[in-house]
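Counting along the sequence shown from 1, when you hit position 16 you're at 16 in full-length UniProt numbering, and nothing is skipped either side. Even glycine gets a Cβ: it sits at the ideal position worked out from N, Cα and C.
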Amino acid sequence: MTGTFLTPFSFRVMIRERSYWLVLIDGLSAGNQQVNLRGQQRAAIDTGTTLIGGPDEVIAEMYSKIPGAEPMADAPGYYTYPCSARDIRASMAFGGKWYTLPDIDFVGDIASDDLSSCMGAFFGLGTLPTDNLQWIV
């Protein structure tokens with residue numbers, strides 16, 4: 001078989017609920033530094049979503065690992081960071097396998113007219129109960 005798909009498929013056991021296609025997140029990191037998930041690991045895998053949403057406190061810790069990142073004043077839950085930042089290496093683990101988002105895909109939008117500030121692709125969904133959906137991936 002020939003083609004451009006190079007990564008092998010990876011099967012994950014889903015949480016048995018009827019409302020979402022749920023999996024557990026095993027880990028989160030940015031800048032090669034682990035982020036504490038605080039037990040908030042239930043993620044809906046949504047093929048139609050553009051950005052990745054998670055609990056506010058976890059997202060805040062994630063952006064604290066990116067030099068120059070700060071909350072957006074006019075958009076609660078969203079963060080900006082210098083577009084010149086390199087090696088962000090935002091990564092999530094599912095079923096023990098790590099997946100790293102290329103830095104170019106971490107850009108959710110350009111946040112400044114001079115192209116110096118980017119909006120990150122991860123955003124805070126608020127404070128969510130630990131027995132319900134906490135992430136949209």
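Going by CA-CA distance only, name the one from the options that's closest to residue i.
i: alanine 73; options: Leu22, Ala90, Ala111; result: Ala111
i: alanine 85; options: Gly96, Asp103, Lys97, Tyr99; result: Asp103
Note down, in chain order, each residue of its chain lying with its Cβ closer than 6 Å to the Cβ of residue i, except the 5 sequence neighbours on either side.
i: valine 137; result: Ala43, Ile45, Ile52
i: tyrosine 79; result: Tyr63, Ala69, Pro71, Gly120
DSSP three-state label for residue i, please.
i: isoleucine 136; result: strand
i: tyrosine 99; result: strand
i: alanine 60; result: helix
i: serine 52; result: Strictly speaking, residue 52 in this sequence is isoleucine, with serine absent from that position. Residue state, collapsed to three classes: strand.
i: isoleucine 110; result: strand
With a threshold of 7 Å on Cβ separation, who are the neighbours of residue i within its own chain once the five nearest residues in sequence on each side are excluded?
i: glycine 31; result: Lys65, Ile66, Asp87, Ile88, Arg89
i: tyrosine 20; result: Ala44, Leu133
When DSSP builds the beta bridges, which residues end up paired with residue i?
i: alanine 43; result: Val23, Trp135
i: proline 76; result: Partner(s): none; proline 76 has no beta bridge.
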